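Let me begin by presenting the structure, written as structure tokens, before commenting on it.
In the UniProt record's numbering, the protein residues as written are 1 to 536.
In structure tokens form, the structure reads like this:
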């Protein structure tokens, strides 16, 4: 532990427990979030020509807040499903080419009959958890353990909650799945590695796709049945979430079922976009030569990233987007996807990320409150998301998924090869090609790639400061409850500003630090080493 101007700088790992006070450093948060208080400008949807790289599943739609009951229409209209059955699109359960291995007959008419039977039981208030289990197993053609789902519905729910779910909510999930061909009218394309491609759909279409995930309807994506073409995709079906596991699985399920409760009461009429971005090699910065100044930064222990509005929020992602959200994982990414279940659609369409890639999720609504983290995570009731919408109908919520490296040997993260990889990943996530105030709004991040990924908080803090400064975006560093990191980072930041340090200087700090045998902490090294010493 180093004492610098009376301030203790801690290098030990922080547990993430709340503190009894809040620490705030830097410019006021209100000052930064007011850079772009309204959704960023975007051309009207009808002015954006569809292409292979810009895919719409809805007809051109313009949001008008004076018409709250207007819903987007599916791209092909309600009575025409245009099927595509190949490796470039989601293989839909409603495809006529999805056939039984035994009979070679299409599966969808059989699935519809089963869904109608289950819905009828729901309408008659006679549906049981075993009816649901039998339906899921029939769709999948195999047995499943659904102990977590069973416990939630039969033990955790009150009698009133159980009755409402097994009648009204489950009936609505059946209807959403049954109407998949009508609501979606075509399969979503896959956002494969190496592409710069966006997919825009309505919240209602997302609900239909999630209903199919609820019933484990997507073919070739689960267990040993996965086709080779999906080797680098997540399983979007919920079968693994239903299995026996730790109590946080039940809490994640509670959030997802609450989402279905909410859309049963009122179907949202907004729009969401998933966008894959790959940084071209020629766009990679020459870090050591950069003369860009250090970006403004606000540091706080009192805010979670998802509670900071009007910013680009960072998802501490797995390269397989969503991470363990549908298994036992329950840290930052998994929690975010649980309280905003429309984000789960990304598991269906997004291939694993390469080092120069990120995935943007725009407009996804939040439905649940929560408390705790990891093993202490709990659903904490309804959340009403009142964010404004842009003219496409997307809520002013912009999340970017960037995956950090996992370091089995923590010392290897200081090798320049790995530092450069993390710099490119953060830069890719923060990058915008339009440097205007409504595009270069702040980035809200925190201890990315630390915790289970064994990242050094101080190194990741400097890497993200470099990336934000190079992209000319203010940084909001939200390390919830981590007063030691915030206090020490604040001292280092002030030290850098006083030296008029540049991005190039910060990069040279990392280069020189990587060469030091048995080095002190990175923050200590920066405080001891004048920036001008590195410029010679």
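Ideal Cβ positions, reconstructed from N, Cα and C, are used throughout, including at glycine.
As the structure is a prediction and not an experimental result, all values here were calculated from the model.
Neighbourhood of residue 412 by C-beta distance below 8 angstroms, restricted to the same chain and skipping five residues each side: 418
On the premise that residue 339 lies in contact with residue 367, defined as a C-beta separation below 8 angstroms, what is that separation, rounded to the nearest angstrom? Between residue 339 and residue 367 the Cβ distance is about 7 angstroms, and since that is below 8 angstroms, they are a contact.
In this structure, does DSSP put residue 189 in helix, strand or coil? Strand.
Range covered by the beta strand (DSSP E) that runs through residue 122: Element bounds for residue 122: not the beta strand (DSSP E) but the alpha helix (DSSP H), 108-123.
Are residue 198 and residue 90 close, meaning C-beta to C-beta below 8 angstroms? no
Hey, how far is the Cα of residue 551 from the Cα of residue 463? Residue 551 lies beyond the range of the chain shown here (1 to 536); nothing can be said about it.
Spatially closest choice to residue 171 from 114, 460, 488, 222, by CA coordinates: 114
Excluding the five sequence neighbours on either side, which residues of its own chain have a C-beta within less than 7 angstroms of the C-beta of residue 314, listed in chain order? 305, 400, 402, 429, 443, 444, 445, 448
Within 8 angstroms, do at least three Cβ pairs link the segment 145-154 to the segment 249-264? yes
Measure the CB-CB distance between residue 265 and residue 319 and report whether it falls below 8 angstroms. no
In its own chain, which residues sit with a C-beta less than 7 angstroms from the C-beta of residue 206, not counting the 5 before and 5 after it? 272, 342, 345
For the candidate residues 280, 48, 248, whose alpha-carbon lies nearest to that of residue 379? In terms of Cα proximity to residue 379, the closest of 280, 48, 248 is 248.
Expressed to the nearest angstrom, what Euclidean distance is found between the alpha-carbon atoms of residue 147 and residue 333? 24 angstroms
Rounded C-alpha distance that separates residue 415 from residue 514: Cα-Cα distance, rounded: 6 angstroms.
Quick check: residue 540 and residue 466, are their CB atoms within less than 8 angstroms of each other? No answer is possible for residue 540: it lies beyond the span of the chain, which begins at 1 and ends at 536.
Best match in 82, 355, 204 for proximity to residue 406 [C-alpha to C-alpha]: 355
C-beta atoms of residue 431 and residue 288 nearer than 8 angstroms: no
Buried or exposed for residue 18, please, with buried defined as at least 16 other CB atoms from any protein chain shown within 10 angstroms of its CB. The predicted model places residue 18 with a pLDDT of 46, which falls under 50 and marks its position as unreliable, so this point remains unresolved.
Measure the Cβ-Cβ separation of residue 238 and residue 202 and say whether it is below 8 angstroms. no
Three-state secondary structure assigned by DSSP to residue 143: DSSP places residue 143 in the coil class of the three-state scheme, outside both helix and strand.
Could you round the C-beta distance between residue 63 and residue 286 to whole angstroms and report it? I think they count as a contact, below 8 angstroms. Their Cβ separation, rounded to whole angstroms, is 41 angstroms, which puts residue 63 and residue 286 out of contact at 8 angstroms.
Other residues of its chain near residue 190: CB distance less than 7 angstroms, five sequence neighbours each side excluded: 88, 89, 90, 349, 351
Delimiting residues of the alpha helix (DSSP H) encompassing residue 523: Note, residue 523: alpha helix (DSSP H), 522-528.
Pick out whichever of 404, 409, 246, 410 has its Cα sitting closest to the Cα of residue 421. For the residues 404, 409, 246, 410, the minimum Cα distance to residue 421 belongs to 404.
Under the three-state DSSP convention, the category residue 349 falls into: The answer is helix: DSSP assigns residue 349 an H, G or I state.
Thinking C-beta only, is residue 499 closer than 8 angstroms to residue 290? no
Looking only at C-alpha atoms, which of 330, 531, 292 sits nearest to residue 246? 330
CA-to-CA distance, residue 106 to residue 424, given in whole angstroms: So the two alpha carbons sit approximately 46 angstroms from each other.
Between the Cα of residue 56 and the Cα atoms of 77, 279, 535, 280, which residue gives the shortest distance? 77
Would you please state the rounded distance, in angstroms, between the beta carbons of residue 567 and residue 294? I believe it to be under 8 angstroms. For the chain, the structure presents residues 1 to 536; residue 567 sits outside this window and is missing.
For a quick check, are the C-beta atoms of residue 393 and residue 270 less than 8 angstroms apart? Closer than 8 angstroms, so yes.
Output the distance between the C-alpha atoms of residue 241 and residue 371, rounded to the nearest integer angstrom. 20 angstroms
Are the CB atoms of residue 543 and residue 149 nearer to each other than 8 angstroms? Since the displayed the chain opens at 1 and closes at 536, residue 543 lies outside it and no answer follows.
Buried versus exposed, by CB contacts within 10 Å (16 or more), residue 386: exposed
Given a threshold of 16 other Cβ atoms within 10 Å of its Cβ, counted over all protein chains shown, does residue 377 qualify as buried or as exposed? buried
Three-state secondary structure (DSSP) of residue 278: strand
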